[in-house]
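In what follows, a structure is listed as structure tokens, so that the remarks can point back to it.
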Amino acid sequence: MSVAGEQVERTPAPYATPDDLREALVDGGVIHLTAVDGVHHRSWAWERVLRGVEGHVMGKRVATHATQRWFPPIMPREEFLKTDYVRSFPDLVGSIDVFTGGDKEHRALLEVLEQGGDWTAHLTPAEVVLPSSVCHPLYGTLAQDVPAEGVDEECSGWSFRHEPSLDPARMQIFRIYEFVRIGTPEQSLAHRDDWLQRGLAALTELGLPVRSEAANDPFFGRVGRMLAANQLESALKYEMCVDLTEVRPTAIGSSNYHEDHFGHTFGLHLADGTPAHSACIGFGLDRITLALFAVHGTDLDAWPEEVRSALAL
Ligand code: ZN
Numbered sequence: 000m001s002v003a004g005e006q007v008e009r010t011p012a013p014y015a016t017p018d019d020l021r022e023a024l025v026d027g028g029v030i031h032l033t034a035v036d037g038v039h040h041r042s043w044a045w046e047r048v049l050r051g052v053e054g055h056v057m058g059k060r061v062a063t064h065a066t067q068r069w070f071p072p073i074m075p076r077e078e079f080l081k082t083d084y085v086r087s088f089p090d091l092v093g094s095i096d097v098f099t100g101g102d103k104e105h106r107a108l109l110e111v112l113e114q115g116g117d118w119t120a121h122l123t124p125a126e127v128v129l130p131s132s133v134c135h136p137l138y139g140t141l142a143q144d145v146p147a148e149g150v151d152e153e154c155s156g157w158s159f160r161h162e163p164s165l166d167p168a169r170m171q172i173f174r175i176y177e178f179v180r181i182g183t184p185e186q187s188l189a190h191r192d193d194w195l196q197r198g199l200a201a202l203t204e205l206g207l208p209v210r211s212e213a214a215n216d217p218f219f220g221r222v223g224r225m226l227a228a229n230q231l232e233s234a235l236k237y238e239m240c241v242d243l244t245e246v247r248p249t250a251i252g253s254s255n256y257h258e259d260h261f262g263h264t265f266g267l268h269l270a271d272g273t274p275a276h277s278a279c280i281g282f283g284l285d286r287i288t289l290a291l292f293a294v295h296g297t298d299l300d301a302w303p304e305e306v307r308s309a310l311a312l
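Quick note, the sequence shown lines up with residues 0 to 312 if you use numbering that gives the first Met the number 0.
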């Protein structure tokens with residue numbers, strides 16, 4: 000409780016449960032819930048912070064020659080298939096359907112609609128899907144000959160994962176800023192490891208008590224459990240985590256080594272003809288924004304001056 004004229008008391012993270020965190024964000028007017036779990040409307044305060052986070056992260060770039068791209072929230076279906084995401088995470092994929100019929104098909108659709116039937120059966124898959132990872136749309140657009148010094152790219156965009164949840168950290172669609180490097184195994188590993196340290200430092204500057212943890216992805220099914228174990232054992236992926244609730248740590252970014260996976264499937268190769276390796280660090284812009292509201296409270300004016308300054312608020 001706060002009294003007029005008194006400093007507003009902030010509830011510091013970690014919250015006891017994701018429900019408590021969600022309620023604080025909704026009560027603070029930071030997010031608005033919709034009829035579907037994991038689909039939030041963001042407030043202008045959220046957007047201001049998110050853009051500040053993007054600017055803060057971009058300010059840490061070292062490869063100043065890197066091209067920067069802001070992707071739309073859709074990507075070519077054919078490119079998406081090459082990422083193998085459908086094989087590994089079929090449960091998370093989001094495809095888009097469109098209506099391509101004429102008057103006759105429209106009448107049939109309206110009939111089903113009026114009867115409360117499944118009108119989506121009258122749609123067909125579009126040539127675009129929702130990206131599952133922000134760097135996926137990148138690889139198919141790059142020159143396939145990778146120069147000896149490697150290729151640096153930066154991209155920002157939306158990522159969709161179908162995992163409805165009331166946990167405010169588990170959004171179905173969210174933005175990530177990525178620094179990507181394509182090159183030799185050594186260049187890729189150095190990118191992942193250097194950026195992990197740089198990333199932790201950048202997030203610490205925002206007052207976030209962040210740490211790194213070896214991680215694995217939620218690969219689907221029985222084969223997936225082996226893939227996940229292998230990913231963890233080979234230490235390919237590190238997450239940057241904060242404790243926003245007492246239930247589980249929240250990953251607000253990750254640094255990943257893809258080995259030659261994308262080089263192989265997208266035909267990117269080194270001078271000796273072998274597939275290029277790649278690595279990316281992704282800063283979860285919406286997750287970092289969430290973490291900032293959880294740690295510093297829902298009143299932007301009460302945030303520490305150095306954090307407001309780093310975010311240009
Ligand atoms: Zn990536």
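C-beta atoms are modelled at their ideal positions from N, C-alpha and C, and glycine is treated no differently.
On a predicted model such as this, the values are computed, not experimentally measured, just so you know.
With respect to Glu53, Ser132 sits apart: the two C-beta atoms are not nearer than 8 Å. Residue state for Arg21 is assigned as helix, using DSSP reduced to three classes. Here Gln67 carries a strand assignment [DSSP, helix/strand/coil].
Closest by C-alpha distance to Lys59, out of Gln196, Pro146, Leu122, is Gln196.
With respect to the 8 Å criterion, Phe261 and Leu269 are not classified as neighbours on the basis of their beta carbons. Asp242 places its beta carbon 8 Å or farther from that of Gln230. Relative to Val294, the option among His135, Val111, Val150, Val209 whose CA is nearest is Val209. Counting along the chain, Gly281 sits inside the beta strand (DSSP E) bounded by residues 276 to 283.
Ordered along the chain, residues surrounding ligand 1 are Ser132, Val133, Cys134, Glu177, Val179, Asn255, Cys279, Gly281 [Cβ under 7 Å from any heavy atom]. Among the bridge pairs identified by DSSP, Gly182 is matched with His276.
In the structure shown, Ala120 falls within a helical segment according to DSSP collapsed to helix, strand and coil. If you ignore the 5 residues before and after Glu212, its C-beta comes within less than 6 Å of the C-beta of Glu238, Cys240, all in its own chain and listed in chain order. Minimum Cα-Cα distance from Ser254 among the listed residues His39, Ala227, Ala214, Pro274 corresponds to Ala214. Taken atom to atom, the span from the alpha-carbon of Pro75 to that of Glu304 is near 43 Å.
With a beta-carbon spacing of about 7 Å, Gly37 and Glu162 fall inside the 8 Å limit used to define contacts.
Boundaries cannot be given for Asn215, as no alpha helix (DSSP H) includes it and DSSP labels it neither H nor E.
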